[in-house]
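S.K.:
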Amino acid sequence: MCGIVGYIGTKNATEVLISGLSKLEYRGYDSSGVAVHTGSKLEVRKNAGKLSVLQTELEQQSLSGTLGIGHTRWATHGKPNDVNAHPHASEDGSIVIIHNGIIENYLPLKEALISRGHVFKSETDSEVLAHLIEEKYSGNLEQAVREALSEVRGAYGIVVTHVNHREIVAARTVSPLVMGVGQNEMFLASDVPALLNYTREVVFLHDGDMVVLNDSSYRIMDLQGNPVSREVSHIEWDAEAAEKGGFDTYMLKEIYEQPQALSNTLLGRLQDQTGEVDLELNLDPASFKRISIIACGTAFYAGLVGEYLIEQLARVPVEIDVASEYRYRQPLVSENTLAIVISQSGETIDTLEALREAKKSGAKTLGIINAKGSSMTREVDDTLYIHAGPEIGVASTKAYTSMVSAMLMLALWLGRARGTLDASTGTELLRSARELPRLVEEALSESRVANIKRVAEKYKDARDYLFLGRGVNSPTAYEGALKLKEISYIHAEAYAAGEMKHGPIALIDEKLPVVVIATDSVLLEKTISNIQEVRARGGKVIAVVSDGDTEASRHADDVIIVPKAHEMVSPVVNAVAMQLLAYFTATALGKDVDKPRNLAKSVTVE
Ligand code: M6R
């Protein structure tokens, strides 16, 4: 997740860009840069580090001009250094671009460009865009951008300018882009807060939109060049509301960011044709005999999904520990063990200490981590970043679904490399994984969300809740209960559904809502039997079912319908329903979901 800003008008472009970028640092803060049209050329300044580093440089050596583009980076391809910072320029410097997203087919594009004589400076996927546009350019920038994008696959918000044109061309697919409309000035940004110091009239560009900005006008079209019309919205939000993107809370904003976060986790790593996954890891997948997963809280539940997937697909024995227990139980570890730590913050002290313990005992270590440059990333042998973008809400949402997706990719990678997963099953699973951003988008459709809100409000006064799930969705039940506890303070228990009859069934009475994950699965019939056991004892069943279900819903008091997904990827889709159920229960009870009592976002004490 990166932040992008563009400006054309009468003001000092550098000031507008820096002001905009300062509101977007939450989207990434590995490096930042600007390019300003200074009269005869496009001058680029960019540095690794926080925006303040760039700001200091620009104070010492100012850039003067009224057209420019700026970027704050959250690195995906290539280290966070000066060279990989955006903007990226074409060979002769006449074109500059900034990009937010991932160009999935950048490698073949880059190789082809190199064979045609292009020399690349950075390790980024984004730089191919500058070279490709340069190659297509023959006097018309808009046309060149269109032709270049027709060869690109992946996610992008891209902003481009050419030294010979007083215009900015931009386009988006998946990654967000909003245009600000001023008096004789136009703006572009990844998010509204970057614009609010200058204008409240904005146009939210849609997927597949392209826009050409001049000083006082703009044209929006699709990627084929057909004009499209988009409404100008007036933004009423104050600065704090704007940072939440118009949502009431960070948590809700982050729930809705999941399609984008999942694209960032998955795209560029899935090779559809071969069923392979490219994780750019240095680890040798054949070198270990067992895997140990270590994490806390929500990250631990992502690890439980991982345990299931890795054992199923890669046939390696996996054991999993909550980090606070791991180092005190004298685990058996050898150099044949791969210890995987999972953490959003990369700073959780229990997980960090467990990682140190595993290393001391000789294990190879891998981090599945969100926060770049965090302590864990510096101590593990290898890192698989989840690229979910900064998560501010204390209750983890988008980091969870991105962690689960990362575990799926890891299981696929191990399975293919160790020969336990054939190409055709690999390809099928890979296609299902690729569907996840769209399925989650669908899970967040207005009618589905309204239904979950209705269910949450109906049961908001319950004193206790029970969550049940089976197989790969047992952890979905655990995560659902944790989310509800954290933000609504309602007591919730979660069990593997088959375990219910061994004790928890005694809790069931007519006051107890029981959430049962009953989406498509080879074990669905058994889950339906569990639903009947709950009903027979008067419990209120809230069944989470797949589109088209006729069986489980028949026995439920309330139904939450989620998009149909392959069972192996369904924990991601189902988790969204759990998050919304907890969210709307908590808000119906008037709780502060972003700052739940007694909790901290990052737990750095033992
Ligand atoms: O930053 P980490 O992923 O290491 O954090 C682990 C847990 O503290 C965290 O997941 C916690 O359980 C959240 N509040 C869950 O919403």
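Position 238, counted from 1, in the sequence shown is what our numbering calls 220; the numbers after and before it change by one each time, with no gaps. Ideal Cβ positions, reconstructed from N, Cα and C, are used throughout, including at glycine.
Once DSSP output is grouped into helix, strand and coil, what is the label at G21?
M.R.: Reduced to three states, the DSSP call for G21 is coil.
S.K.: Of all Cβ atoms in chain B, is any one closer than 7 Å to the Cβ of A479?
M.R.: Note that chain B does not occur in the displayed structure, where there is just one protein chain.
S.K.: Report yes or no: do three or more beta-carbon pairs, one from the region 564 to 584 and one from the region 432 to 444, lie closer than 8 Å?
M.R.: Yes, they touch.
S.K.: Once you ignore the five residues that flank E289 on each side, which residues in its own chain have a CB closer than 7 Å to its CB?
M.R.: Excluding positions up to five away in sequence, the list reads I275, V300, I302.
S.K.: Cβ-heavy atom distance between G279 and ligand 1 below 6 Å?
M.R.: G279: yes, Cβ under 6 Å from ligand 1.
S.K.: Output yes or no for whether 7 Å exceeds the beta carbon distance between L286 and G136.
M.R.: Cβ atoms of L286 and G136: not closer than 7 Å.
S.K.: Sort V497, Q240, T54 by Cα distance to G521 and report the nearest one.
M.R.: Of the listed residues, the one whose Cα sits closest to G521 is V497.
S.K.: With C-beta atoms as the reference, is C(-16) less than 7 Å away from R55?
M.R.: Contact flag set, yes.
S.K.: Within 6 Å: the Cβ of V585 and any heavy atom of ligand 1?
M.R.: Within the cutoff, so yes.
S.K.: Alpha carbon to alpha carbon, how far is R416 from I80?
M.R.: The alpha-carbon atoms of R416 and I80 are separated by roughly 25 Å.
S.K.: Can you give me the C-alpha to C-alpha distance between D364 and I324, rounded to a whole angstrom?
M.R.: Using only the alpha carbons, I get a separation of about 12 Å.
S.K.: Which of helix, strand or coil does DSSP assign to D260?
M.R.: D260 falls in the coil class under three-state DSSP.
S.K.: Ligand 1 and A568: does any heavy atom of the ligand fall closer than 6 Å to the residue's C-beta?
M.R.: It does not: the Cβ of A568 is nowhere closer than 6 Å to a heavy atom of ligand 1.
S.K.: What three-state label does DSSP hand Y310 in the structure shown?
M.R.: Here Y310 sits in coil by DSSP.
S.K.: Just how far apart, CA to CA, sit D220 and S429?
M.R.: D220 and S429: Cα-Cα distance of roughly 28 Å.
S.K.: Under the rule that 16 or more other beta-carbon atoms within 10 Å means buried, what is N455, buried or exposed?
M.R.: Answer is buried; the Cβ neighbour count reaches 16.
S.K.: Quick check on G139: does DSSP put it in helix, strand or coil?
M.R.: If DSSP states are grouped into helix, strand and coil, G139 belongs with the strands.
S.K.: Hey, is the region 376 to 393 in contact with the region 343 to 353, meaning 3+ C-beta pairs nearer than 8 Å?
M.R.: Yes: the two stretches touch, three or more of their Cβ pairs being nearer than 8 Å.
S.K.: Below 8 Å on the Cβ atoms is my contact criterion, and I expect H548 with L411 to pass it. Report the Cβ-Cβ distance as a whole number of Å.
M.R.: Confirmed, about 7 Å.
S.K.: Restricting to Cα atoms, I'd like to know which of P495, L489, S535 is closest to S511.
M.R.: Checking every option, the nearest Cα to that of S511 belongs to S535.
S.K.: If you reduce the DSSP assignment to three classes, tell me which class K442 lands in.
M.R.: Coil at K442, not helix or strand.
S.K.: Assign I127 to one of three DSSP states: helix, strand, or coil.
M.R.: Note on residue identity: the sequence assigns Val, not Ile, to residue 127. The answer is helix: DSSP assigns V127 an H, G or I state.
S.K.: Going along the chain, which unbroken runs of the alpha helix (DSSP H) with 4 or more residues stay wholly within the region 501 to 587?
M.R.: Here the runs fully enclosed are 506 to 518, 552 to 570.
S.K.: Provide the residue(s) that pair with R420 in DSSP beta bridges, ordered along the chain.
M.R.: Beta-bridge pairing links R420 to no other residue.
S.K.: Under the three-state reduction of DSSP, which class applies to G453: helix, strand or coil?
M.R.: It is helical.
S.K.: Distance, Cα to Cα, D173 vs V160?
M.R.: Distance between the alpha carbons of D173 and V160: 6 Å.
S.K.: Between L131 and I150, which are expected to be in contact by the criterion C-beta below 8 Å, what is the C-beta distance as a whole number of angstroms?
M.R.: That pair is no contact at about 15 Å.
S.K.: Suppose the cutoff is 8 Å on Cβ atoms and the five residues either side in sequence are ignored; what does the same chain contact list for R610 look like?
M.R.: No answer is possible for residue 610: it lies beyond the span of the chain, which begins at -17 and ends at 588.
S.K.: For R27, list the residues DSSP reports as bridge partners.
M.R.: Its beta-bridge partners are V16.
S.K.: So within the region 237 to 304, which uninterrupted beta strand (DSSP E) runs reach at least 3 residues, ignoring any that extend past its ends?
M.R.: Entirely contained in the region 237 to 304, the beta strand (DSSP E) runs reaching 3 residues are, in chain order, 272 to 277, 300 to 304.
S.K.: N66 to G485, Cα distance in whole Å?
M.R.: Taking the straight line joining both Cα atoms gives about 57 Å.
S.K.: Just the Cα atoms here: how many angstroms apart are E464 and C278?
M.R.: Reading off the sequence shown, one finds Leu at residue 464, where the question assumed Glu. Each residue's alpha carbon lies about 12 Å from the other.
S.K.: Once you ignore the five residues that flank A57 on each side, which residues in its own chain have a CB closer than 8 Å to its CB?
M.R.: Once the five neighbours on either side are set aside, the close Cβ partners of A57 are G10, D12, S13, N66, K354.
S.K.: Which partner residues does F102 have in the DSSP bridge list?
M.R.: Answer by DSSP bridge pairing: none, since F102 is not bridged.
S.K.: Hey, how far is the Cα of R436 from the Cα of L562?
M.R.: When rounded, the distance between both Cα atoms is 11 Å.
S.K.: Give the straight-line distance between the Cα atoms of N580 and S378, rounded to the nearest whole angstrom.
M.R.: If I take the Cα positions, the gap works out to 15 Å.
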